[in-house]
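Colleague: Pasting a structure below so you can have a look.
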Amino acid sequence: MAAIARSPFAHRISERRNVLGAQASVLIHDLTPIGRTGFKGAGTSDWTASQVSAIPDRPNRAVTLADGTVVARLGKEEYLVLDSRKSPGSVSAELEATWAKGSTESSARMGYPLPRADSHSWLFLEGTRVPEMMAKICGVDLRLANFPEGEIAQTIVARIGAVIIREIGAPSKGLHLLTDFASADYLWEVLEDASAEYGGGFAPDGRT
């Protein structure tokens, strides 16, 4: 299952008139058009481990594969997979196709898919003032010292259920932020308002 063709933020980004530089203290990238998926249920950990080179050893941790794909463990038997922002190809689509084939051919328990590309938007926040900005709308302390690389918070952001993942390896040490599509317009307004105080906002091209 491919990612949606357009993001719920796309029309807003296309209408932006101010262009933010790469050195903005808060820069928000819309990664929603990039593939992502999820799996959950009995047998999911064993099945996921058989399909990718590494999985996190405990819930609320993430690992980054060699191609940049992020594998996030949200529960004992629940995973979120974010395709690489830099590399071509779609690990999430490959996993979904493999699962669909295996579910009809194998009797082994392998959980069930959660098509996150159909339910959740995906933003990436970077910049020196991101933790300070997020402190205004989220109760989790997202400073790097307290929320290190690979850490996951399943929390509330501006009254919206959210998954936040600390980037691994990249110099920016930014934050992946996933929320449901239904809240996109509200989230846009919240983030635009919160980031404006720091001279930041949404990047015009979406990607990092």
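Residues 70 to 277 (the working numbering) are what the sequence shown spells out, left to right.
Glycine included, each C-beta is placed from N, C-alpha and C at the ideal position.
Do you know how far the Cα of Gly208 is from the Cα of Pro102?
Modeller: If you take the alpha carbons of Pro102 and Gly208, they lie about 28 Å apart.
Colleague: Which residues share a DSSP beta bridge with Val140?
Modeller: Val140 pairs with Val132 and Val150.
Colleague: Have a look at Leu45 and Gly104 and give me their C-alpha separation to the nearest angstrom.
Modeller: Shown here, the chain extends from 70 to 277; a query on residue 45 therefore has no answer.
Colleague: Just to confirm, is the Cβ distance from Arg185 to Leu256 under 9 Å?
Modeller: Taking 9 Å as the Cβ cut-off, Arg185 and Leu256 do not qualify as a contacting pair.
Colleague: Give me the Cα-Cα distance between Ala36 and Gly144, rounded to the nearest whole angstrom.
Modeller: Residue numbering for the chain in the displayed model covers 70 to 277; residue 36 lies beyond these limits and cannot be assessed.
Colleague: Near Arg178, which residues of its chain fall below 7 Å by C-beta distance, leaving aside the five closest residues on each side in sequence?
Modeller: Cβ within range, chain order: Ala111 and Gly112.
Colleague: Quick one: which unbroken beta strand (DSSP E) runs of 3-plus residues sit fully inside the region 196-267? Chain order, please.
Modeller: Complete beta strand (DSSP E) runs here, min 3: 221-226, 229-235 and 244-249.
Colleague: How close, in whole Å, do the beta carbons of Asp187 and Ser156 come, if the pair is a contact with beta carbons under 8 Å?
Modeller: The Cβ separation is near 23 Å, so there is no contact.
Colleague: Have a look at Ala93 and Gly243 and give me their C-alpha separation to the nearest angstrom.
Modeller: When rounded, the distance between both Cα atoms is 13 Å.
Colleague: Quick one: measure Cβ to Cβ for Gly196 and Val95, integer angstroms, because I've assumed they're closer than 8 Å.
Modeller: Right, their Cβ atoms sit about 4 Å apart.
Colleague: Please say whether Leu213 and Arg154 have beta carbons closer to each other than 9 Å?
Modeller: No, they are not a contact pair.
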